[in-house]
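Residue numbers (my numbering): 244 to 388. For every residue, glycine included, the Cβ atom is placed at its ideal position computed from N, Cα and C. Quick notes on the structure that follows.
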């Protein structure tokens with residue numbers, strides 16, 4: 244990896260069922276599988292998915308870890324996190340076809356937190372994945388010269 248292509252910031256997400264979440268992210272959000280290192284009983288020790296050219300790391304949490312979805316089910320106040328009009332502790336991803344991406348995500352069972360929104364800073368929508376991690380998808384802007 245050259246200095247110019249080194250990704251300086253890499254999101255890292257923890258899941259209750261990392262391997263299943265990784266499969267879901269690939270299917271629902273169109274990510275590409277990078278690395279998948281499984282341990283005992285199929286636990287995801289280290290996984291990477293690629294969104295565009297950027298890497299997102301995934302892993303199973305330690306024993307007792309509770310995903311955002313589990314926390315919202317068990318603790319009433321956590322449910323209101325879904326009601327805020329912005330992403331709290333999420334990942335922002337630029338995609339070339341926002342409408343198609345939103346359809347694909349919804350068909351795969353993503354919780355769509357907002358329909359496609361227009362206006363500054365661009366076209367976008369919010370979604371939660373299979374374990375409640377929050378994602379913000381923006382339409383890629385055309386290159387300017």
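- The C-beta of residue 290 has 16 or more other C-beta atoms within 10 Å across all chains shown, which makes the residue buried.
- Judged by their CB atoms, residue 271 and residue 374 are not nearer to each other than the 7 Å cut-off.
- Straight-line spacing of the CA atoms in residue 381 and residue 367 works out to 4 Å.
- Every beta strand (DSSP E) of 3 residues or more that sits fully in the segment 324-388 is shown, in chain order, as 333-338, 354-360, 367-371, 377-382.
- One Cα belongs to residue 338, the other to residue 269, and the distance between them is close to 14 Å.
- Taking a C-beta distance under 7 Å as the contact criterion, residue 282 and residue 262 do not qualify as a contact pair.
- In the structure shown, the three-state DSSP call for residue 251 is coil.
- A direct Cα-Cα distance of roughly 16 Å separates residue 322 from residue 369.
- By the 16-neighbour rule on beta-carbons within 10 angstroms, residue 274 is buried.
- Under the three-state reduction of DSSP, residue 306 is assigned to coil, being neither helix nor strand.
- Excluding five sequence positions before and after residue 300, the CB atoms of its chain that fall closer than 8 Å to its own CB belong to 253, 254, 255, 256, 289, 290, 291, given in chain order.
- The same chain holds no residue with a CB closer than 7 Å to that of residue 305 once the five nearest residues on each side in sequence are set aside.
- Taking 7 Å as the cut-off, the Cβ atoms of residue 314 and residue 302 do not count as close.
- If you draw a straight line from the Cα of residue 334 to the Cα of residue 384, it comes to about 18 Å.
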